[in-house]
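A short worksheet on the structure shown next.
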Amino acid sequence: MLPFILKRIFQSFLVLIITGAIAFSMFTFVGDPVDNMLGQERTMEDVERLRAQLGLDQPIPVQYVKFLGEAVQGNFGVSYRQGREVSEIIMERAPATLELAALSAIFAIVVGIALGVFTAIRRDGLVANFIMSASLIGVSLPTFLIGILLIYLFSVELGWLPSFGRGEVVQVGGWTTGFLTESGLKALILPSITLGLYQMTLIMRLVRSEMLEVLRQDYIRFARARGLSERVINFRHALKNTMVPVITVIGLQLGAIIAFAIITETVFQWPGLGLLFINAIQFVDIPVMAAYLMMISVMFVVINLLVDILYAFIDPRLRVAAK
Amino acid sequence: MKNTTALLTVAALMSSAAVVNAETLRWARAGDALTLDPHSQNEGPSHTMRHQMYEPLIIRDTAGNFVPTLATDWAPSADNPNVWVFNLREGVKFHDGADFTAEDVVFSFERAKQPNSDMKELIGSITEVRAVSDYVVEIETDGPNPILPSNLTNLFMMDKGWTEANNTVNVQDFEGGEITFATTNVNGTGAYTLVSREPDVKTVMARNENYWGRDEFPLEVSEIVYTPIQNAATRVAALLSGEIDFLQDMPVQDLARVGDAAGLVVKQAPQNRVIFFGMNQGADDLEADNVDGANPLADVRVRKAMSMAINRDAIQQVVMRGQSQPAGMIAPPFVNGWTAEMDGESATDVEGAKALMAEAGYEDGFSIRLDCPNDRYINDEAICQAAVGMLGQIGVTVNLDAIPKAQHFPKITDGATDFYMLGWGVPTYDSEYIFNFLVHGRESDIGTWNGTGYDNDELDGTIKSLASNTDLDSRNADIASIWRVIQDEQLYIPIHHQVLNWGMAENVGIEVDPEDQPRVKYFTMQ
Numbered sequence: 008m009l010p011f012i013l014k015r016i017f018q019s020f021l022v023l024i025i026t027g028a029i030a031f032s033m034f035t036f037v038g039d040p041v042d043n044m045l046g047q048e049r050t051m052e053d054v055e056r057l058r059a060q061l062g063l064d065q066p067i068p069v070q071y072v073k074f075l076g077e078a079v080q081g082n083f084g085v086s087y088r089q090g091r092e093v094s095e096i097i098m099e100r101a102p103a104t105l106e107l108a109a110l111s112a113i114f115a116i117v118v119g120i121a122l123g124v125f126t127a128i129r130r131d132g133l134v135a136n137f138i139m140s141a142s143l144i145g146v147s148l149p150t151f152l153i154g155i156l157l158i159y160l161f162s163v164e165l166g167w168l169p170s171f172g173r174g175e176v177v178q179v180g181g182w183t184t185g186f187l188t189e190s191g192l193k194a195l196i197l198p199s200i201t202l203g204l205y206q207m208t209l210i211m212r213l214v215r216s217e218m219l220e221v222l223r224q225d226y227i228r229f230a231r232a233r234g235l236s237e238r239v240i241n242f243r244h245a246l247k248n249t250m251v252p253v254i255t256v257i258g259l260q261l262g263a264i265i266a267f268a269i270i271t272e273t274v275f276q277w278p279g280l281g282l283l284f285i286n287a288i289q290f291v292d293i294p295v296m297a298a299y300l301m302m303i304s305v306m307f308v309v310i311n312l313l314v315d316i317l318y319a320f321i322d323p324r325l326r327v328a329a330k
Numbered sequence: 015m016k017n018t019t020a021l022l023t024v025a026a027l028m029s030s031a032a033v034v035n036a037e038t039l040r041w042a043r044a045g046d047a048l049t050l051d052p053h054s055q056n057e058g059p060s061h062t063m064r065h066q067m068y069e070p071l072i073i074r075d076t077a078g079n080f081v082p083t084l085a086t087d088w089a090p091s092a093d094n095p096n097v098w099v100f101n102l103r104e105g106v107k108f109h110d111g112a113d114f115t116a117e118d119v120v121f122s123f124e125r126a127k128q129p130n131s132d133m134k135e136l137i138g139s140i141t142e143v144r145a146v147s148d149y150v151v152e153i154e155t156d157g158p159n160p161i162l163p164s165n166l167t168n169l170f171m172m173d174k175g176w177t178e179a180n181n182t183v184n185v186q187d188f189e190g191g192e193i194t195f196a197t198t199n200v201n202g203t204g205a206y207t208l209v210s211r212e213p214d215v216k217t218v219m220a221r222n223e224n225y226w227g228r229d230e231f232p233l234e235v236s237e238i239v240y241t242p243i244q245n246a247a248t249r250v251a252a253l254l255s256g257e258i259d260f261l262q263d264m265p266v267q268d269l270a271r272v273g274d275a276a277g278l279v280v281k282q283a284p285q286n287r288v289i290f291f292g293m294n295q296g297a298d299d300l301e302a303d304n305v306d307g308a309n310p311l312a313d314v315r316v317r318k319a320m321s322m323a324i325n326r327d328a329i330q331q332v333v334m335r336g337q338s339q340p341a342g343m344i345a346p347p348f349v350n351g352w353t354a355e356m357d358g359e360s361a362t363d364v365e366g367a368k369a370l371m372a373e374a375g376y377e378d379g380f381s382i383r384l385d386c387p388n389d390r391y392i393n394d395e396a397i398c399q400a401a402v403g404m405l406g407q408i409g410v411t412v413n414l415d416a417i418p419k420a421q422h423f424p425k426i427t428d429g430a431t432d433f434y435m436l437g438w439g440v441p442t443y444d445s446e447y448i449f450n451f452l453v454h455g456r457e458s459d460i461g462t463w464n465g466t467g468y469d470n471d472e473l474d475g476t477i478k479s480l481a482s483n484t485d486l487d488s489r490n491a492d493i494a495s496i497w498r499v500i501q502d503e504q505l506y507i508p509i510h511h512q513v514l515n516w517g518m519a520e521n522v523g524i525e526v527d528p529e530d531q532p533r534v535k536y537f538t539m540q
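Those protein sequence lines, which keep their order, are chains Z and H.
FYI, the numbering for the first sequence is 8 to 330, going by my numbering.
FYI, the numbering for the second sequence is 15 to 540, going by my numbering.
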């Protein structure tokens, strides 16, 4: 078991280093940060001086090794756009994204499971069929469009909910939260629906198909024969057995929610990490881009590592294969 | 319990006070200020934010005229042609109560000349700033500088005492990630004081009740809440839903919607920015064309023909939906040296253009790559697409390469493009600024944005002499003659002057500023 885990950890590190290398070689194509940092009145001397000061005159591999060396010590450099420590900016922005992701995940899980069970039990019902068709729209519409549609309906036409921002936030220690004020909670509704909608439909469809599968099993038929109530059969026996694959998917999708909050955050001007990243791309803010990409790849690698290890625990065949 | 009562009382007091004279201006635009340090980052949104809280000696009104601000009047010294004398406004106080005097002016200029300052280029000609008395300052330059005041409209005045006491005398080292007291705190003389600020999220400012111009300006806005909103659709939605009162950076496609919406208005004015194409005419051969061993753009007839092929009215009507002003010269209309006659030299004549092409030996045309930004100017990529079709009519096959600005501009400054789009604004309102950057041959500190390879030593000499020519009439004559050369050589292909749009709630009263610099002290709120 131990060699397997060690091997996996080693592979994860390799993946991280390669991802970082790819990211770094891409930065050359994003543009020249120096151009954005100096005004139009700059001279060629200013450009040369700044390029040397930022280390941009060195070859990419040298820049990358330097970045890795600093990153290992927790130092991600200084943002070109904001002129502040990247780690400080990320800490400041993280609460917004994490709160949004948490609420989206809760929305996706609760509504997804509820609708999945409902459409499985009433598989031929009119409402269930409508939900299934509507969910196709949810999967196929781009997040961007859903966000804009929600804004136009609930902010512009009805005027119920804010179209941008986090509302009033409360500072609790180093954490800013929107959960404690009315405007903060209101501001969370539209973005979390937008962000969680795809995962919600995914979970719903998964729960439905798993549940239909389980409902066909013999033990359900025997339970019916025993005269158990539908409620007990559906929720105690069927749903429980449905949940194993669903939980796996939820785990993996949680990472995706945080990583792909970029679009939702841009549409709703949500001051989180995704918006920070978009700003960084437009300004060619290399330290912020590098730190964000590394953070996201670490997150995915860790999640995948945990899943791999868990699977190995559950399924001994994988362990054998690893040898 | 006691606390709750106290809080309620305070809240009640605040809300009753609010009824009397509280108008909040909720203001949004695409980007945020990069820093609050007045002398770091010479950039539009940063200056806009500072203009609410700090003040320069002079500002400009919407017509481009000087308006006395911290200086009441100024004139060249009678004794020394290299010296300007500024008389300062008396009785002005900084937000912390300190008096504004000549000592602060001297200090601010010295600070703005530091190596880390982003404003140092604009005042590079200044050798010394002297306090003659508490309210008189002399500024000496390295030679006569007739347009010195033009360079001072974004040069903000700080309090010497406050800056020293808070250990923030040095301009922040922006690239080094330095945070100083002045990057997050403000002590200016301006009409608004800083209440709170979260970069890229929200900045709140409150009216300065002790402002020197409290009775002179409307000052009807008591609180400013500034929020950057990056996504254009969200920005418009926020205005339509009444969550903001005032919007800069209006997307052109939404102008009609906002204008038609009840309770909202769109106001416009020509912007201080002209859009044009540059052509590499200096090289012997071009990389981006299909002609070997020759440079078609080196022939003035080809350049003229290309300009004549562009139908600027069609671009205005179709691409810009009316939101532009066709241009015949690369100077915005407010700039000293601009003439209606030269700006009108933009007639479309496809037949004439074809004849010129034939005369130059290119009756079969040639192909060339056009480099264009796609996220910098209003509809930049669409303008280039339109130009592709128009140039096709005279046999010039254009391959369009539209890329983000961060990749586009380095191509121009590195000389990696032969045919490109560029936009130019003129903060000094004087042609010399255009000549220095776009016309003078490229050297290390001049002609930085001249990607045309054009280098005319005689013209360069005249351009250099403008800086110290104090005889305004002869200086203007020189400017006119330089423009004539630029026009005759068809150095650039002008397209249009951009039009600036501001969207606002009906009760907000303000005229559009051509430099996109709203100053809230002028706002009325009916």
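From the three backbone atoms N, C-alpha and C, an ideal C-beta is built for every residue, glycine too.
Practice prompt. Could you list which residues in chain H have their beta carbon closer than 7 Å to that of Z:Phe275, in chain order?
Written response: Position 268 of the first sequence holds residue 275 of chain Z. Under the 7 Å cutoff, chain H gives Thr248.
Worksheet item: Would you say the stretch 206-214 of chain Z touches the stretch 253-267 of chain Z, given that touching needs at least three Cβ pairs under 8 Å?
Response: yes
Worksheet item: Out of curiosity, what's the CA-to-CA distance linking H:Phe123 and H:Leu136?
Response: As a working mapping, residue 123 of chain H is identified with position 109 in the second sequence. As a working mapping, residue 136 of chain H is identified with position 122 in the second sequence. Cα to Cα, H:Phe123 sits roughly 11 Å from H:Leu136.
Worksheet entry | H:Asp87 - containing alpha helix (DSSP H), residue span | As a first step, residue 87 of chain H must be located in the second sequence, where it is residue number 73. It is not in any alpha helix (DSSP H) - H:Asp87 instead sits in the beta strand (DSSP E) that spans Ala85 to Pro90.
Fill in: chain H contact residues for Z:Pro278, given Cβ-Cβ distances below 9 Å
Sequence index remark: in the first sequence, residue 278 of chain Z carries index 271 (1-based). Those are Glu212, Asp214, Val215 and Lys216, listed as they occur along chain H.
Worksheet item: On the three-state DSSP scale, how would you describe H:Pro160?
Response: For this step, residue 160 of chain H is matched to residue 146 along the second sequence. In the structure shown, H:Pro160 sits in coil (DSSP, three-state: anything other than H, G, I, E or B).
Worksheet entry | Option in Z:Ser199, Z:Asn241 and Z:Glu175 with minimal Cα separation from Z:Ala109 | Along the first sequence, one-based indexing puts residue 109 of chain Z at 102. For Z:Ala109, the nearest C-alpha among the options comes from Z:Ser199.
Worksheet entry | Within 7 Å, strictly: CB atoms of H:Leu300 and H:Asp87 | Locating residue 300 of chain H in the second sequence gives position 286, counting from the first residue. Locating residue 87 of chain H in the second sequence gives position 73, counting from the first residue. Cβ atoms of H:Leu300 and H:Asp87: not closer than 7 Å.
Worksheet item: For Z:Phe161, which residues of its own chain have a beta-carbon under 7 Å away from its beta-carbon, when the five flanking residues on both sides are left out?
Response: Taking the first sequence and counting its residues from 1, one reaches residue 161 of chain Z at position 154. Answer for Z:Phe161: Trp167, Leu168 and Leu197, listed in chain order.
Worksheet item: Which two residues bound the contiguous alpha helix (DSSP H) that contains H:Asp299?
Response: As a working mapping, residue 299 of chain H is identified with position 285 in the second sequence. For H:Asp299, no alpha helix (DSSP H) segment is defined, and its DSSP state is neither H nor E.
Worksheet entry | Per DSSP, the bridge partner or partners of H:Val288 | Walking along the second sequence from the start, residue 288 of chain H turns up at place 274. H:Val288 pairs with H:Trp438 and H:His511.
Worksheet item: Can you round the beta-carbon distance between H:Pro310 and H:Gly45 to whole angstroms, since I take them to be within the 8 Å contact cut?
Response: To locate residue 310 of chain H, count along the second sequence from 1; it is residue 296. To locate residue 45 of chain H, count along the second sequence from 1; it is residue 31. Not quite, the Cβ-Cβ distance comes to about 39 Å (not below 8 Å), so this is no contact.
Practice prompt. Figure out for me which residue from Z:Asn136, Z:Leu187 and Z:Leu75 has the closest Cα to the Cα of Z:Phe20.
Written response: By 1-based counting over the first sequence, the position of residue 20 of chain Z is 13. Ranking the options by Cα distance to Z:Phe20, first place goes to Z:Leu75.
Discussion item. Please classify H:Ala425 as buried or exposed, where buried requires at least 16 neighbouring CB atoms within 10 angstroms.
Written reply: Here residue 425 of chain H is taken as the residue at index 411 of the second sequence, counted from 1. Per the sequence presented here, residue 425 of chain H reads as Lys, with Ala not at that position. Flag for H:Lys425 reads buried.
Item to complete: Closer than 8 Å by beta-carbon distance: list the chain H residues that pair up with Z:Gly180, in chain order.
Response: Translated into positions along the first sequence, residue 180 of chain Z becomes position 173. Those within 8 Å of Z:Gly180 in chain H number zero; the least Cβ separation is about 17 Å.
Discussion item. According to DSSP, is H:Thr416 part of a helix, a strand, or is it coil?
Written reply: On the second sequence, residue 416 of chain H is found 402 positions in, with the first residue counted as 1. In the sequence as displayed, the identity of residue 416 of chain H is Ala instead of Thr. Strand.
Fill in: Nonlocal neighbours in the same chain, by C-beta distance under 7 Å from Z:Ile128, ignoring five residues either side
Position 121 of the first sequence, counting from 1, holds the residue named residue 128 of chain Z. Asn241.
Worksheet entry | With 16 other Cβ atoms within 10 Å as the buried cut-off, status of H:Gly517 | Numbered from its first residue, the second sequence carries residue 517 of chain H at position 503. Buried: at least 16 other Cβ atoms inside 10 Å.
Worksheet item: What is the residue span of the alpha helix (DSSP H) that Z:Glu55 lies within?
Response: Against the first sequence, residue 55 of chain Z aligns to sequence position 48. Note, Z:Glu55: alpha helix (DSSP H), Met51 to Leu61.
Discussion item. Is it the case that the stretch 264-274 of chain H contacts the stretch 501-517 of chain H, given that we only count it when at least three CB pairs across the two stretches are under 8 Å?
Written reply: With three or more CB-CB distances shorter than 8 Å, the stretch 501-517 of chain H counts as touching the stretch 264-274 of chain H.
Practice prompt. Taking Z:Asn286 as the query, report the chain H residues whose CB atoms sit under 8 Å from its CB, ordered along the chain.
Written response: As a position in the first sequence, residue 286 of chain Z is number 279, starting the count at 1. Neighbours of Z:Asn286 on chain H, chain order: Asp214 and Gln244.
Fill in: Closest Cα partner of Z:Ala248 within the set Z:Glu220, Z:Thr271, Z:Gly258 and Z:Val309
As a first step, residue 248 of chain Z is located in the first sequence; it is residue number 241 there, counting from the start. First, the residue type needs correcting, since residue 248 of chain Z is Asn and not Ala in the sequence shown. Checking every option, the nearest Cα to that of Z:Asn248 belongs to Z:Glu220.
Worksheet item: Which one of H:Phe290, H:Ser91 and H:Ile448 has the shortest CA to CA distance from H:Trp497?
Response: Locating residue 497 of chain H in the second sequence gives position 483, where the first residue counts as 1. Of the candidates H:Phe290, H:Ser91 and H:Ile448, the residue whose Cα lies closest to the Cα of H:Trp497 is H:Ile448.
Worksheet item: What alpha helix (DSSP H) runs, 4 residues minimum, are completely inside the stretch 133-157 of chain Z?
Response: 133-147 and 150-157
Item to complete: Could you check what DSSP says for Z:Thr184 in three-state terms: helix, strand or coil?
Response: In the first sequence, residue 184 of chain Z corresponds to position 177, counting from 1. Residue state, collapsed to three classes: strand.
Worksheet item: Using the beta-carbon of each residue, which ones in chain H are nearer than 8 Å to Z:Glu52?
Response: In the first sequence, residue 52 of chain Z corresponds to position 45, counting from 1. Those are Ser458 and Asp459, listed as they occur along chain H.
Discussion item. Against chain H, does Z:Glu77 count as a neighbour if the rule is that its beta carbon must be under 7 Å from one of theirs?
Written reply: Your numbering for residue 77 of chain Z matches position 70 in the first sequence. Residue-level contact check: Z:Glu77 does not touch chain H, since none of the beta carbons of chain H fall below 7 Å from its beta carbon.
Discussion item. Under 7 Å, Cβ to Cβ, is there at least one residue of chain Z near H:Pro52?
Written reply: Stepping through the second sequence from its first residue, residue 52 of chain H is reached at position 38. Not one chain Z Cβ lies under 7 Å of H:Pro52.
Worksheet item: Which partner residues of H:Ile72 appear in the DSSP bridge assignment?
Response: Position 58 of the second sequence holds residue 72 of chain H. The partner list for H:Ile72 (beta bridge, DSSP) reads H:Pro82.
Worksheet item: Tell me the DSSP bridge mates of Z:Ala109?
Response: Locating residue 109 of chain Z in the first sequence gives position 102, where the first residue counts as 1. Z:Ala109 is not bridged by DSSP to any residue.
Worksheet item: If you count every other CB in all the chains shown that lies within 10 Å of the CB of H:Thr23, and 16 or more means buried, which is it?
Response: Position 9 of the second sequence, counted from the first residue, corresponds to residue 23 of chain H. Note on H:Thr23: pLDDT 45, under 50, position unreliable in the model; the coordinate value appears next. The residue in question, H:Thr23, is exposed, as its Cβ has fewer than 16 Cβ neighbours within 10 Å.
Fill in: Distance CB(H:Pro231)-CB(H:Lys535) smaller than 7 Å
Here residue 231 of chain H refers to the residue found at position 217 of the second sequence. Here residue 535 of chain H refers to the residue found at position 521 of the second sequence. It should be noted that the sequence gives Phe, not Pro, for residue 231 of chain H. Less than 7 Å divides the Cβ of H:Phe231 from the Cβ of H:Lys535.
Worksheet item: Of all the CB atoms in chain H, is at least one closer than 7 Å to the CB of Z:Val85?
Response: Counted from its first residue, the first sequence places residue 85 of chain Z at position 78. Yes, Z:Val85 lies at the interface with chain H (some Cβ there is under 7 Å from its Cβ).
Worksheet item: Is there a Cβ from chain H that is less than 7 Å from the Cβ of Z:Phe74?
Response: Position 67 of the first sequence, counting from 1, holds the residue named residue 74 of chain Z. By this cut-off, Z:Phe74 is not an interface position.
Worksheet item: Can you tell me whether DSSP reads H:Asp118 as helix, strand or coil?
Response: Translated into positions along the second sequence, residue 118 of chain H becomes position 104. In the structure shown, H:Asp118 sits in a helix (DSSP, three-state: H, G or I).
Discussion item. Is there a C-beta anywhere in chain Z that falls below 7 Å from the one on H:Gly191?
Written reply: Here residue 191 of chain H refers to the residue found at position 177 of the second sequence. It does: the Cβ of H:Gly191 has a partner Cβ on chain Z nearer than 7 Å.
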